[in-house]
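See structure below.
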Amino acid sequence: MPGIVCEHCTAVCCRYIALPLDTPETRGDFDDIRWYLLHENVSVFVEDGDWYIAFQASCRHLLLDHRCGIYRARPRICRQYSAADCDYHSGDYNWQEHFTRPEHLDAYVRARRGDHESTKRRKREKVRAGREKSAKRRERGRTGKDATASRSAGAIRARRAGGADLPQMSCPYARKRSR
Ligand code: SF4
Ligand code: SF4
Numbered sequence: 000m001p002g003i004v005c006e007h008c009t010a011v012c013c014r015y016i017a018l019p020l021d022t023p024e025t026r027g028d029f030d031d032i033r034w035y036l037l038h039e040n041v042s043v044f045v046e047d048g049d050w051y052i053a054f055q056a057s058c059r060h061l062l063l064d065h066r067c068g069i070y071r072a073r074p075r076i077c078r079q080y081s082a083a084d085c086d087y088h089s090g091d092y093n094w095q096e097h098f099t100r101p102e103h104l105d106a107y108v109r110a111r112r113g114d115h116e117s118t119k120r121r122k123r124e125k126v127r128a129g130r131e132k133s134a135k136r137r138e139r140g141r142t143g144k145d146a147t148a149s150r151s152a153g154a155i156r157a158r159r160a161g162g163a164d165l166p167q168m169s170c171p172y173a174r175k176r177s178r
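Residues 0 to 178 (numbering that gives the first Met the number 0) make up the sequence shown, in order.
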C-alpha cells in the first residue's frame with residue numbers, strides 16, 4: 000500500500016475481497032445469488048454491467064495501525080492495486096446495483112420482471128395494432144375493388160339500357176357475306 004494517501008486511510012482495500020460472477024439470467028441464477036446474500040458480510044454489486052460478489056473480511060495481516068504486516072511479501076493482487084484509483088477516493092464506486100440482503104435482490108428481480116412484462120405487453124400491442132392496420136387496409140382495398148367492379152357493371156347496364164353503342168367487334172363472317 001504505497002503512497003501518502005494510504006497513511007490517511009483505514010485500509011479500506013484490505014478489508015474485503017470481490018470476485019466476478021457470471022451475469023445471472025435465469026431464475027436459478029438469481030436464486031443462487033439470493034443464497035449468497037443469505038450469508039453475513041456478503042454483498043453483490045454490479046459495476047459497468049459486470050456482477051461481483053464481495054466478502055467483507057479483513058486480511059489476517061492487517062495491523063492495528065492499518066498497515067500491512069507482510070508488506071514485502073504481499074501478494075501480487077496487493078502490489079498491483081493502485082492508490083491513485085482506489086477505494087479511498089470518494090465517488091470511485093460506480094455501482095449500478097448493490098445488494099446487501101436477499102430482499103434487495105428480490106425487489107430488483109420484481110422490477111426487472113415488471114419491465115420485461117411491460118416490454119412484452121408493448122410488443123404484443125404493437126403487433127396487434129399492426130395486424131388491425133393491415134386488416135383495415137385489406138378491407139379498404141376490397142371495398143374499393145367492389146366499388147370499381149360495380150361501377151363498371153353499372154356503366155355497361157346503363158349503356159345497354161340507354162341504347163348507347165357498345166364496343167364493336169369485327170366479325171369475319173360479316174366480311175364474307177359482303178363479298
Ligand atoms: S484503500 Fe487506497 S488509500 Fe486506502 S490503503 Fe488501500 S490503496 Fe491505500
Ligand atoms: S497482504 Fe497486506 S496489502 Fe494485502 S490485503 Fe493483506 S494487509 Fe492488505
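Every residue, glycine too, gets a C-beta built ideally from N, C-alpha and C.
| Check | Outcome |
| --- | --- |
| Alpha-carbon spacing of Phe-98 relative to Ala-56, whole angstroms | 17 Å |
| Buried or exposed (CB count within 10 angstroms, at least 16 for buried), Ser-42 | buried |
| Sufficient close CB pairs (3 or more, under 8 Å) joining the region 93-110 to the region 33-48 | yes |
| Bounding residues of the alpha helix (DSSP H) (the contiguous stretch that carries Ile-76) | 75-79 |
| Buried or exposed by the 16-neighbour rule on C-beta atoms within 10 Å, applied to Ile-3 | exposed |
| Own chain residues within Cβ distance below 8 Å of Leu-62, not counting five before or after | Gly-68 |
| Buried or exposed by the 16-neighbour rule on C-beta atoms within 10 Å, applied to Ile-76 | exposed |
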